[in-house]
Amino acid sequence: MSVNLKQGPFEPLIIAFCCNWCSYAGGDLAGTGRMTYPANVRVIRVPCSSCVSSNFILRAFQRGADGVVVAGCHPGDCHYTSGNYFARRRFLLLQRFLEFLGMEPERFQVHWISASEGNRFAAVMTETTEKIRALGPNRKLRDTR
Amino acid sequence: MKRIGVFVCWCGTNIANTVNIEAVTEAAGKMPGVVYAGNYKYMCSEIGQSKIKSAIIREKLDRFVVASCSPRMHESTFRKTAAAAGLNPYLVEIANIREHCSWVHKNKGEATAKAIALIRAAVAKAARDKELWATQIPVEHRALVIGGGIGGIQAALDIADAGFEVDLVERTPSIGGHMAQLDKTFPTLDCSACILTPKMGEAASHPKITLYTYSEVEKVDGYVGNFEATIRKKARSVDLEKCTGCGICWEKCPSRVKSEFDEALSMRKAIYIPFPQAVPNVPVIDRASCRWFTREKCGICRKTCPAGAVNFDQEDEVLQKKYGAIVVATGFDVLDLDDFGEYSYGKHPDVLTSLEFERILNSSGPTGGRLLRPSNQSPPKNVVFIQCVGSRDKSRGKPYCSKICCMYSAKHVILFKEKYPEAQAYVFYIDIRTAGKDFEEFHRRAVEEYGALYLKGSAGKVFPDGDKLLVKGVDSLSGHALEIEADMVVLATAIKAKSDAPQLARLLGISTDTHAFFMEAHPKLRPVEAHTAGIFLAGACQGPKDIPETVSQASGAAAKAIVLLSKENLLSDPCVSEVNESLCTGCLACIKVCPYSAITEKTIEEKIHGKALQRRVAEVNVALCQGCGSCTVSCRPGAVNLKGFTNEQIMAEVDAICL
Amino acid sequence: MKITRDNLCSSIVKEIAEISGENVAGCYQCGKCTAACPVNTVMDILPHQVLRFLQLGLVEALLNCNTIWICASCFTCAGRCPRGVDLPGIMEALRLILLRKRGFSRIKAGVIPRVADKGMPEQALVSAFRKYTR
Numbered sequence: 011m012s013v014n015l016k017q018g019p020f021e022p023l024i025i026a027f028c029c030n031w032c033s034y035a036g037g038d039l040a041g042t043g044r045m046t047y048p049a050n051v052r053v054i055r056v057p058c059s060s061c062v063s064s065n066f067i068l069r070a071f072q073r074g075a076d077g078v079v080v081a082g083c084h085p086g087d088c089h090y091t092s093g094n095y096f097a098r099r100r101f102l103l104l105q106r107f108l109e110f111l112g113m114e115p116e117r118f119q120v121h122w123i124s125a126s127e128g129n130r131f132a133a134v135m136t137e138t139t140e141k142i143r144a145l146g147p148n149r150k151l152r153d154t155r
Numbered sequence: 033m034k035r036i037g038v039f040v041c042w043c044g045t046n047i048a049n050t051v052n053i054e055a056v057t058e059a060a061g062k063m064p065g066v067v068y069a070g071n072y073k074y075m076c077s078e079i080g081q082s083k084i085k086s087a088i089i090r091e092k093l094d095r096f097v098v099a100s101c102s103p104r105m106h107e108s109t110f111r112k113t114a115a116a117a118g119l120n121p122y123l124v125e126i127a128n129i130r131e132h133c134s135w136v137h138k139n140k141g142e143a144t145a146k147a148i149a150l151i152r153a154a155v156a157k158a159a160r161d162k163e164l165w166a167t168q169i170p171v172e173h174r175a176l177v178i179g180g181g182i183g184g185i186q187a188a189l190d191i192a193d194a195g196f197e198v199d200l201v202e203r204t205p206s207i208g209g210h211m212a213q214l215d216k217t218f219p220t221l222d223c224s225a226c227i228l229t230p231k232m233g234e235a236a237s238h239p240k241i242t243l244y245t246y247s248e249v250e251k252v253d254g255y256v257g258n259f260e261a262t263i264r265k266k267a268r269s270v271d272l273e274k275c276t277g278c279g280i281c282w283e284k285c286p287s288r289v290k291s292e293f294d295e296a297l298s299m300r301k302a303i304y305i306p307f308p309q310a311v312p313n314v315p316v317i318d319r320a321s322c323r324w325f326t327r328e329k330c331g332i333c334r335k336t337c338p339a340g341a342v343n344f345d346q347e348d349e350v351l352q353k354k355y356g357a358i359v360v361a362t363g364f365d366v367l368d369l370d371d372f373g374e375y376s377y378g379k380h381p382d383v384l385t386s387l388e389f390e391r392i393l394n395s396s397g398p399t400g401g402r403l404l405r406p407s408n409q410s411p412p413k414n415v416v417f418i419q420c421v422g423s424r425d426k427s428r429g430k431p432y433c434s435k436i437c438c439m440y441s442a443k444h445v446i447l448f449k450e451k452y453p454e455a456q457a458y459v460f461y462i463d464i465r466t467a468g469k470d471f472e473e474f475h476r477r478a479v480e481e482y483g484a485l486y487l488k489g490s491a492g493k494v495f496p497d498g499d500k501l502l503v504k505g506v507d508s509l510s511g512h513a514l515e516i517e518a519d520m521v522v523l524a525t526a527i528k529a530k531s532d533a534p535q536l537a538r539l540l541g542i543s544t545d546t547h548a549f550f551m552e553a554h555p556k557l558r559p560v561e562a563h564t565a566g567i568f569l570a571g572a573c574q575g576p577k578d579i580p581e582t583v584s585q586a587s588g589a590a591a592k593a594i595v596l597l598s599k600e601n602l603l604s605d606p607c608v609s610e611v612n613e614s615l616c617t618g619c620l621a622c623i624k625v626c627p628y629s630a631i632t633e634k635t636i637e638e639k640i641h642g643k644a645l646q647r648r649v650a651e652v653n654v655a656l657c658q659g660c661g662s663c664t665v666s667c668r669p670g671a672v673n674l675k676g677f678t679n680e681q682i683m684a685e686v687d688a689i690c691l
Numbered sequence: 075m076k077i078t079r080d081n082l083c084s085s086i087v088k089e090i091a092e093i094s095g096e097n098v099a100g101c102y103q104c105g106k107c108t109a110a111c112p113v114n115t116v117m118d119i120l121p122h123q124v125l126r127f128l129q130l131g132l133v134e135a136l137l138n139c140n141t142i143w144i145c146a147s148c149f150t151c152a153g154r155c156p157r158g159v160d161l162p163g164i165m166e167a168l169r170l171i172l173l174r175k176r177g178f179s180r181i182k183a184g185v186i187p188r189v190a191d192k193g194m195p196e197q198a199l200v201s202a203f204r205k206y207t208r
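Protein chains in written order, with my numbering: chain A, 11 to 155; chain B, 33 to 691; chain C, 75 to 208.
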């Protein structure tokens, strides 16, 4: 469910899967540098972007997320050598699949954010939130039971 | 029912200013499975930790969540707290409400709501935590050093001095590497051989070091502490035990071939030692140019050998040995100049690479140390040195700086001028890089004492002009295009990775950078380790390096290897993948994605309807697995799970956040 | 332009080194002398280029430039040179070579009271005599 669905204007819920070595640390750095970004973003820590299953993303949309971000190390910098290459290929497919289902492509994004890019982390999260806020609530894939 | 405790940290005012601690604590207390929720000003302090410990005992908590700073900061602290209170340390979860919440949001209402959501996710994950135990892997107390240059020799000596067995594998007939080819070393002008050969001898006679020269590593299996390497000892055709190194065989041998050691500037025999101080001082027969092996004629060496050491029937020997650690010190190659036609290299004998010039300077080199023009054996009066030939050249060469050329060119200038004080040296340079102890002073000596004319700019063309070489260049400082009549041109040719470095990387399971140099685990903080645990890097195989840097990296790699070898057992991180064999269909898609080759197939036997059936399943080697979780996603039936980050746990987190 | 050992070590290059007592090879062309020079805007060859030309043995160009005459021998360049090169000494050497060749003085002691203003530092007078007299 969206952040404050009960009252006020629409606030999107965004789930960000961040790899422990780069993007999560980049998020930590954004914090240390007190760079603000919207509170709509909630981070789930994973060891590597390659361990984010498409199931998690579909589940997030099913349960009411309006946007999902997967963030990992820059290609070539993966802590586990090659994980982000697998992630990149896998999510390209998922993106096409979500588009096929009629979902706006902005709702599922993949970004490469290194541990030193706190400002980039904040920028990506801000930008994503604004884009999805403009799109409105996600209605595709949502569990309506 | 789980008994979960939640501890909310104020972090002084860091969290408390933006997050309503009381509201968060209250909300946490109502989450499913939570039996206790409390807060304290500094959870990580001694008092905070003792509060957690007493709550664990008082409330009979079986797991807990700390809502505080980043897990990258204090996860290990709170795991120790759990262990101190008798809980398995992996039954702890952290909700990051500082870096990811209070520090990045300004609105207290929003931040509080987010903090509650993050804690809910952590509670949901904690509810599914299982006890995990680090496993122990035994360590084989022997090291393998690949490459017998100065880096490999140093690493082998250091490890052996620490009391461990070392096998040093070198591809060529002798250890020594490129350093053995050099005449003098900068900036001290020590004779290279004089400082190298004692080390070579020490390595050969060290009771803990076994040399495998003229040998190659063919295969490496296993993992940190337990590598298994296949080493091929190529047939030397000379018995190492019997040979006395008297030299009669190579004196009598009628076949002459270009010497690799002398950069093809001199001839060697088909039975040869690469250089006089070779270790071991035992020749090999180069079967491709030996008359016996090519035409079944001759056999003079066998006839003349007083020790009866020549053995034409010798065959390659393949060894399999176990190692706890591997040091890779395979060195570098010099760039091929085929694409640099403007320098007339290969077209005129007086145009040389720096390594060839080094051989000509050397007293054991092709000219016996007399510096003469290869074309007519006359002393050179004007020598032009051209730097950055192929280095810092992203179109035809290598984009990086080869690092050592500025210094060895200064050395060459000095050595040349020492031999011919009346002669003139010219050096074309783009930048002079002399970062190193006494390097700048050495370079300035070449300029000021030895009068070398340094010209900022490059040479555009070198062409033969009568019996001279005409060098067309520029001095960009004065803006003059120049022509210099030279007797000799020396090209400071770029250093590149060994051409077969990618193959070796594949064999070892380590990675290479875009220029095929081996990649270190971290460019700043783990510069001597490869990404694969138990494999260490030394010397120019990791990037261009001079001798002192190579030696220090080799000692660093050796120290790291010693740390590993001195352990009886290794403790492995329990957050690794596991296979649920009853779900595994044996498709083995997981093997393809694993960057550490940690997954193998195995056959299990199970009884179905009273019949014994054999079935193929995947198996994770916990010692090799680094816990990336790539395999969990590739698994179609969902049989692979990463402990500590199971699919169920992440799914529960998603659900909890979306609630 | 052809560079040979002969013009790098020509007699005039040696003479300049002898008069100034300086080894021009000491200069590594950082350009600090030019950057510090108060009169660099009117020089046709900049101070650091003077040294470079000497390193290349291009003395002829230097003997025909205005730089050596504009140089006020203020010693700022020498004071700031990280290599300790005495550029004013080299400028002086270049001037001396020309003056010795010409053999006459362009300034007489008698005209000084007429042309000098009162605030002129004594060093400037000394410099003027060194520059313009035999």
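Note that beta-carbon positions come from the ideal geometry of N, C-alpha and C, so glycine has one too.
The model shown is predicted, which means the values in this text are computed figures rather than measured ones.
DSSP places B/Pro170 inside the beta strand (DSSP E), whose first and last residues are 167-170.
Taking 8 Å as the cut-off, the beta carbon of B/Ala149 is found closer than this to the beta carbon of A/Arg52. Contact between A/Thr91 and B/His547 does not hold, since their C-beta atoms are separated by about 17 Å, which reaches or exceeds 8 Å.
In the DSSP assignment, the residues bridged to B/Ile207 are B/Val311.
Taking all protein chains shown into account, B/Lys146 has 16 or more neighbouring C-beta atoms within 10 Å of its C-beta and is therefore buried.
As for any beta strand (DSSP E) of minimum length 3 sitting wholly inside the segment 78-164 of chain B, the runs are 95-100, 124-128, ordered along the chain.
Within the model, the alpha-carbon separation for B/Thr544 versus B/Ala491 is close to 33 Å.
For B/Ala310, no CB of chain C lies under 8 Å from its own CB, so it is not counted at the interface with that chain. Contact of B/Ala55 with chain A is not assigned, every C-beta pair being separated by 8 Å or more. Interface residue (Cβ-Cβ distance to chain B less than 8 Å): C/Arg169 is not classified as such.
Any Cβ of chain B closer than 8 Å to the Cβ of A/Leu103 would place that residue at the interface, and such an atom is absent. Pairing B/Thr229 with B/Gln309 gives a Cβ-Cβ distance under 8 Å.
In this structure, the straight-line span from the alpha carbon of B/Ala212 to that of B/Gln352 is close to 30 Å. In the assembly as shown, B/Glu349 is an exposed residue. Its beta-carbon has fewer than 16 other beta-carbons within 10 Å.
At a Cβ-Cβ threshold of 8 Å, B/Ile436 and B/Asp578 count as neighbours. B/Gly61: member of the alpha helix (DSSP H) spanning 53-61, first to last residue.
Taking CB atoms only, B/Gln658 has a neighbour in chain A less than 8 Å away.
Within the same chain, Val97, Glu125, Ala127 come within 6 Å of B/Ala154 by CB-CB distance, once the 5 residues on both sides are set aside.
In this structure, DSSP gives B/Glu349 an extended state, which the three-state scheme calls strand. With respect to chain B, the C-beta atom of C/Arg180 has no partner C-beta closer than 8 Å. Boundaries around C/Gln123 are those of the alpha helix (DSSP H), 121-129, since no beta strand (DSSP E) includes it. Residue range 601-604 is occupied by the beta strand (DSSP E) that includes B/Ser604. Here B/Phe495 is bridged, per DSSP, to B/Leu502.
By the criterion of a C-beta distance shorter than 8 Å, B/Asp687 is surrounded in its chain by Ala156, once the five residues flanking it on both sides are discounted.
Look at the segment 333-413 of chain B and you find these whole runs of alpha helix (DSSP H), each 4 residues long or longer: 386-393. For A/His84, the three-state secondary structure derived from DSSP is coil.
Under the three-state reduction of DSSP output, B/Tyr72 falls in the strand class. As the crow flies, the alpha-carbon of A/Leu104 is around 52 Å from that of B/Cys438.
Contact of A/Gly77 with chain B is not assigned, every C-beta pair being separated by 8 Å or more. Only Val479, Glu480, Gly483, Leu485 from the segment 469-494 of chain B bring a Cβ to less than 7 Å from some Cβ of chain C. In the structure shown, the three-state DSSP call for B/Pro555 is coil.
Burial check for C/Pro121: the Cβ neighbour count within 10 Å reaches 16 or more, so the residue is buried. Note on geometry: alpha-carbon atoms of B/Val445 and B/Val521 lie some 12 Å from one another. Proximity of chain B to A/Pro57 at the Cβ level (cut-off 8 Å) is accounted for by Cys607, Gly659, Cys660, Gly661, Leu674, Phe677, in chain order. Excluding residues up to 5 positions away in sequence, Phe364, Ser434, Pro576 lie with their Cβ nearer than 6 Å to the Cβ of B/Ile527 in the same chain. Burial is judged here by how many other beta carbons sit within 10 angstroms of a residue's own beta carbon; C/Thr207 has fewer than 16 and is exposed.
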